[in-house]
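To start, the structure under review is shown below, and the notes come after it.
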Amino acid sequence: MGEPQFIIGTPMSDMLAGMERDGRDPATLDLGSNYLLYFLYDYLPHPPVSPAATRSLSGVPWAPGGLDRISRLPDALLAEILSRLPAKDAARTSALASRWRPLWRSAPLSLVDGHLLPDGGAAGQLPIGVPSPRAVTAAVSRILAAHPGPFRCVHLTRTTMEEHRGEISRWLDILVAKGVQELVFVNRPWPIDLRLPATLFGCASLTRLYLGLWRLPDTAAVPCGARFPNLKELGLCMTVMEDRDLAFMLERCPVLEFLVLMGSQTGVRLRLVSQRLRCVQLGHALLEYIDVVDAPSLERLFFWEIVPPGKLKSFRKRNNDNGSSMIKIGRAPNLRVLGYIQPGQQELGINNTVVVAGSKEKIVPSVKILAMEVQFGDRNAVKKVPGFLRCFPNLETLHVYSPSISEESTGKVSPKFWQEGGPIKCVVQSMKKVFFYEFHGSRSEVAFLKFIAENGRVLEQMVLLVANECFSSGNDNVRAKLKPLASVKWNNQACKVQLFKSRRTNPGGPVYSNKIASDFGFADPFDLLGHY
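When the count follows full-length UniProt numbering, it moves up by one through the sequence shown with no breaks and lands on 532 for the last residue.
Below, the structure written as structure tokens:
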């Protein structure tokens, strides 16, 4: 397979012509685009209103004589009720009685363009190739113009924005003038890098903002005083941006707590200096480096399906010699959850020092939960694992995902590798739980697990999810792969071992939920056994 082709700035006609010249089926372009959109839409927050919500009045006691007590409620309370209805339903209440006619215009509006479709959006997002619903686009324009604001939330994801550039500018002008708290704004391709109007930077009322399939405005032309003073959550999904544009946005979000960067057509180089940031997610991204310079409130740092620069020739050696992604952790005293990190594909830097084998002095003592994706068939990747673990001396829970050994396996480490490296503090003193996903029964996997079991003084639980492929030859094959673990001399005889059959039948990265990742109600966002 050749190097992936970047498609920024490439018209659809040129892409199709190029595919035909190369003898490829043009239909695969739509298929690939829809695959990417599937992940994009999964990262978007759910609207706070739904046309499918139950609003039946059955069982509700009526006042004697049919007295309408609801209409006698204060305007402020009725407006709050209407703000929790889809825009179409809120507008319909004006037909109930003269008392209701002005109320929907005084209520903070919740507008989701999918709710304006005939099925209310029940069929899901529109795939590539389906015509843009012009009636919906026109209805959005009418509603935004008719309602005086403010807007509680506005989700616009159904319009092919290239066909409605005039509406884009007018919509943003209205939202800036009337005020919007939550905005989800997605451009249905093609193209995938339509320039977003700089008007957006004037929307100071925003508390949550998600952008998808846009090119960020040229921040050199944005007034220096532009800010998002109330923005707490920012999601940039498959968004084309220069380093200076990303830095510009982050610098102007003083109360930002949640940051999501999903998808990249260019390498991500992220420098974090924030007093309020609590959670950062990077997914499906080409990561060159992330530098956590000063983030005293940061508690969670996630990586999922990260591609190192070395996978692409055009990025190779731009940032470091071996083409790995660089993760630098400076001041982050409250960082508790970290992963999935990839030894062999990512380098770890602590306090400006790159972690190497035998490094003991550079640590992040606050991390309690760590997730790693380890290529156990790659000697170089396995050799980096001890150095990574030594950086987290107080680690309590370790999640390890073991992808299938590729044809490019670089060999095995010595059976004595783990013993020769000496003790690892977190394994001996603090590690209580180990979750191992997609166990294939390789010698390298078994050696790692035996090291944990034989040295873990406080280890309470070890969970193994055995790869589905191990069962293809029957239970005898599974027993043979697990047999080496039967001879383990457990340091803690009370440790509970649990074995499960993985339900995964397709290759891919570890199971991950971006919604759970940002939900602090889940103490361990990597513990997703239910998904298996």
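Think of the CB as a built atom: it goes at the ideal place given N, C-alpha and C, for glycine as much as any other residue.
Whole-number beta carbon distance between residue j and residue i, since they are thought to touch under 8 Å
i: cysteine 153; j: serine 110; result: 5 Å
i: valine 112; j: histidine 164; result: The Cβ separation is near 17 Å, so there is no contact.
i: glycine 377; j: serine 274; result: At roughly 38 Å, the Cβ-Cβ gap does not stay under 8 Å, so glycine 377 and serine 274 are not in contact.
i: arginine 208; j: glutamate 233; result: 4 Å
i: phenylalanine 392; j: valine 367; result: 4 Å
i: arginine 276; j: leucine 256; result: 6 Å
i: asparagine 468; j: lysine 501; result: 7 Å
i: proline 507; j: tyrosine 437; result: The Cβ separation is near 13 Å, so there is no contact.
Collapsed DSSP secondary structure at residue i in the structure displayed
i: histidine 46; result: coil
i: glutamate 299; result: coil
i: glycine 114; result: helix
i: asparagine 320; result: Note that asparagine 320 has pLDDT 47, beneath the 50 cutoff, so the model's placement of it is unreliable and the number below is only indicative. Of the three classes helix, strand and coil, the one that applies to asparagine 320 here is coil, per DSSP.
i: proline 197; result: coil
i: methionine 249; result: helix
i: cysteine 470; result: helix
i: valine 434; result: strand
i: valine 478; result: helix
i: alanine 107; result: coil
i: threonine 397; result: strand
i: glycine 202; result: helix
i: glycine 349; result: strand
i: tryptophan 214; result: strand
i: phenylalanine 376; result: coil
i: arginine 208; result: strand
i: phenylalanine 526; result: coil
i: phenylalanine 417; result: helix
i: phenylalanine 448; result: helix
i: valine 240; result: strand
i: valine 136; result: helix
i: residue 540; result: Residue 540 falls outside the range modelled here, since the chain spans only 1 to 532, and no answer is possible.
i: valine 222; result: coil
i: valine 364; result: coil
i: valine 488; result: coil
CA-to-CA distance, residue j to residue i, given in whole angstroms
i: lysine 328; j: glycine 114; result: 41 Å
i: leucine 282; j: leucine 464; result: 27 Å
i: alanine 87; j: isoleucine 70; result: 20 Å
i: valine 222; j: leucine 216; result: 11 Å
i: lysine 432; j: tryptophan 490; result: 13 Å
i: phenylalanine 258; j: cysteine 279; result: 5 Å
i: residue 563; j: proline 197; result: This structure leaves residue 563 out entirely; the chain is present only between 1 and 532.
i: glycine 23; j: tryptophan 190; result: 22 Å
i: asparagine 474; j: tyrosine 41; result: Looking at the sequence shown, residue 474 is not asparagine but glycine. Whole-angstrom Cα-Cα distance: 39 Å.
i: glutamate 180; j: valine 446; result: The question names glutamate, yet the displayed sequence has valine at residue 180. Distance between the alpha carbons of valine 180 and valine 446 is about 55 Å.
i: asparagine 187; j: glutamate 167; result: 12 Å
i: methionine 262; j: tyrosine 340; result: 15 Å
i: lysine 317; j: cysteine 224; result: Because the pLDDT of lysine 317 is 46, which lies under 50, any placement of that residue in the model is unreliable, and the number read from its coordinates should be weighed accordingly. Approximately 34 Å between the Cα atoms of the pair.
i: isoleucine 516; j: arginine 21; result: 44 Å
i: threonine 160; j: leucine 211; result: 14 Å
i: arginine 158; j: proline 133; result: 7 Å
i: arginine 227; j: leucine 200; result: 10 Å
i: glycine 330; j: aspartate 294; result: 6 Å
i: asparagine 492; j: valine 400; result: 20 Å
i: lysine 425; j: proline 343; result: 19 Å
i: aspartate 245; j: leucine 270; result: 11 Å
i: histidine 46; j: glutamate 305; result: 23 Å
i: arginine 252; j: proline 229; result: 7 Å
i: proline 108; j: isoleucine 174; result: 14 Å
i: lysine 383; j: leucine 485; result: 21 Å
i: phenylalanine 451; j: leucine 459; result: 12 Å
i: leucine 449; j: phenylalanine 302; result: 24 Å
i: cysteine 495; j: phenylalanine 435; result: 13 Å
i: glutamate 182; j: phenylalanine 151; result: 8 Å
Counterpart residues of residue i in DSSP-defined beta bridges
i: glutamine 429; result: Per DSSP, none; premise fails for glutamine 429.
i: aspartate 294; result: Val273, Arg331
i: tyrosine 38; result: DSSP, once it has assigned bridges, lists no residue as partnering tyrosine 38.
i: glycine 120; result: Paired residue(s): none; glycine 120 is not in a bridge.
i: residue 535; result: In the structure as shown, the chain begins at 1 and stops at 532. Residue 535 is therefore absent and cannot be evaluated.
i: phenylalanine 258; result: Glu233, Cys279
i: methionine 326; result: Tyr289, Glu347
i: tryptophan 304; result: Gly283
i: alanine 371; result: His399
i: phenylalanine 151; result: Leu109, Val180
i: valine 337; result: Arg300, Ile369
i: leucine 156; result: Phe185
i: valine 511; result: Answer is none; valine 511 lacks a bridge partner.
i: phenylalanine 388; result: According to DSSP, which records beta bridges pairwise, phenylalanine 388 is partnered with nothing at all.
i: residue 540; result: Shown here, the chain extends from 1 to 532; a query on residue 540 therefore has no answer.
i: aspartate 268; result: According to the sequence as given, residue 268 is valine; it is not aspartate. Its beta-bridge partners are Leu287.
Runs of 4 residues minimum, wholly inside the region 158 to 191: which ones carry the alpha helix (DSSP H) assignment? Correct list: 165 to 178.
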